[in-house]
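Right, one structure below, let's go through it.
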Amino acid sequence: MKKIPIIILTSLVTMTGSALAEVSFDGFLQALYGGRLDESNPTATEQTASETRMQLRAEHYGDGAEFFGRLDFLYDGADSAGYYWELREGYMKFRLGSHLDFKAGRQVLTWGTGDLVFINDVFAKDYRSFFVGRDDQYLKAPQNAIRADFYSAIGSLSLVWTPRFEPNRLPTGRRLSYFNGMTIVGEGFYLDPPRPDPKFENSEIALRLSRRIGSCAAALYFYHGFYKNPLGVTVVGNMMTPLYPKLNLYGASLRGPLAGGIVWLETGYFDSRQDKRGKNRLMPNSSVTGMIGFERQIATNLTVNAQWQIDIMSDWTTYQEQQSAAAAFVRDETRHLITSRVTRLLYDELLTLSMFVFYSPTDEDGHLRTSAEYKYSDELSIAAGANVFEGRHEATEFGQFDKNDNVYLKLTYGF
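Using this note's numbering, read the sequence shown as starting at 147 and increasing by one per residue.
Spelled out as structure tokens, the structure:
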């Protein structure tokens, strides 16, 4: 596998001048260094990041078709000290007639309305990157998929088929600790749940029907696949293994202008296909979730937004009885999450100050993300930031990462 990037580079070098002229190239070189602040963290390393990354991008537009590629080369010294590479994107896009587009290959997919809060966006996320200071683009994990978009006067219909289930990339215990069902663990408790078998019946299907209604963008969603986090457990003998439960998701969203800003609403019903009535303690209960958000520029170069999400668990009484009997953490029937982002541009927009906070008053936990980025030149930028986690209970979404507080420094040269 390591020979593939060399083959790609060799092919590019040996291409004729006329062929290269038809392909545009760019990319960046980046150094990222980070360290954790809690000495009691049971991880394998004190460094949350120590890496040098080079990303190469290539695109070509032809008659009725296009190609896009994004390839990352990485030396990671924070953990195992090795060289890695990843094809983040490599797809072809073409049109059939005047109403149908196809995109096939490795791609980063997204839809929905939220700012770092996802309801109907069930495409894979990379929280290992998100929690250590990597660029925001790395929050979205790539997946191999075929996407079709059909355009008509009624609206646009998008279909995404992912042949092999792609889960979220979660902390594994190596550089970020996590809650394993009993306590916060790190080194020696590597999290790598088995994926569903590679069968057609286990592939993922996502649908979106969207259209304009006046000045607003409205959409309906459907997803058939699995929960992206291993929220279920299977028992074989005396061994308990985490698994990805089966899921259907039905949702809707609306986004448009209001009071000099932008407002969005989104909702979804998570149908837990392996626990219809909430009686299986080893599987997640179904739930209904909704969100409202608003963003506005309140002063020159100062933008603020806020979101409120509410999640209501189905069959909560049964869940409460089961969890209490097992002396396990019991979440509230209705979970609330509040977020806010503040962005300030200074010095002719060369300096960007950003803060994003997640806070759940019901779970009593939160996550603070802060960063300052200075654009030294057109090519060079310097950034520093921090990730701070807080939680009263180690079983909650952010409470389990309470020992993962970290700071980082990042230098990026674009070309």
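Note that CB positions come from ideal geometry on N, CA and C, so glycine has one too. Treat the numbers as computed from the prediction; the structure is a model and nothing was measured.
Look at the alpha carbon of residue i and the alpha carbon of residue j, and state the distance between them as a whole number of angstroms.
i, j, result
"S517", "Y336", "29 Å"
"S304", "G334", "43 Å"
"G208", "A287", "27 Å"
"R490", "V306", "36 Å"
"T162", "E235", "In this prediction, T162 has a pLDDT of 46, which is less than 50 and means its spatial position is unreliable; nothing more can be read from the coordinates."
"I292", "L557", "35 Å"
"K521", "L497", "6 Å"
"L322", "R274", "8 Å"
"I458", "G407", "28 Å"
"P339", "P391", "12 Å"
"G397", "R515", "28 Å"
"S164", "T308", "For S164, the predicted structure reports a pLDDT of 49, less than 50, and the residue's modelled location is therefore unreliable. A value from the coordinates is still provided. Their Cα atoms are separated by approximately 36 Å."
"P342", "N431", "20 Å"
"W462", "R481", "12 Å"
"L492", "W454", "29 Å"
"V331", "N187", "8 Å"
"T387", "T329", "16 Å"
"T160", "L217", "Confidence at T160 is low in this model, with a pLDDT of 48, below 50, so its placement is unreliable and the value that follows should be read with caution. Cα to Cα, the separation comes out at about 18 Å."
"E232", "D222", "13 Å"
Exposed or buried, residue i, counting other C-beta atoms within 10 Å across all chains shown (16 or more means buried)?
i, result
"N384", "exposed"
"V382", "exposed"
"D282", "exposed"
"R423", "exposed"
"E467", "exposed"
"I359", "exposed"
"Y369", "buried"
"P344", "exposed"
"F547", "buried"
"I265", "buried"
For the beta strand (DSSP E) that residue i lies in, which residues bound it at each end?
i, result
"F136", "This structure does not reach residue 136, given that the chain is present from 147 up to 561, and the question cannot be answered."
"Q176", "170-182"
"T189", "Where T189 is concerned, there is no enclosing beta strand (DSSP E), given that its DSSP letter is neither H nor E."
"E350", "350-359"
"D417", "407-418"
"S399", "392-404"
"E441", "433-445"
"M450", "At residue 450 the sequence reads Val, which differs from the Met that was named. Element bounds for V450: 448-459."
Spatial neighbours of residue i within its chain, please: C-beta separation below 8 Å, excluding the five flanking residues on both sides.
i, result
"H539", "F475, D509, E510, D511, G545"
"A270", "K286, A287, P288, Q289, E312, P313, N314, R315, K374"
"R542", "According to the sequence provided, residue 542 is Thr. The question's Arg does not apply to it. The residues are F475, R477, S506, D509, E510, D511."
"E212", "E205, H206, M238, K239, F240"
Leaving out the 5 sequence neighbours to the left and right, which residues in its chain are closer than 6 Å to residue i when beta-carbon positions are compared?
i, result
"G180", "T194, A195, V278, G279, N552, Y554"
"V169", "A204, H206"
"G560", "F174, E525"
"A190", "R320, E333"
"G436", "T413, I456"
"I438", "L411, W454"
"L262", "none"
If I follow the unbroken alpha helix (DSSP H) through residue i, where does it start and stop?
i, result
"E467", "462-471"
Cutting at 7 Å between CB atoms, please list the residues of its own chain near residue i, excluding the five before and the five after it.
i, result
"L355", "G301, L303, A365, L366"
Continuous alpha helix (DSSP H) assignments of at least 4 residues falling wholly in the stretch 249-334: 273-276
Identify every run of the beta strand (DSSP E) within the stretch 196-255, keeping only runs that are complete inside it and at least 3 residues long; order them along the chain. 211-222, 228-242, 246-253
Within the stretch 484-557, note down every full beta strand (DSSP E) run reaching 3 residues or more, in order along the chain. Those beta strand (DSSP E) runs which fall completely within the stretch 484-557 and span 3+ residues are 497-506, 511-521, 526-537.
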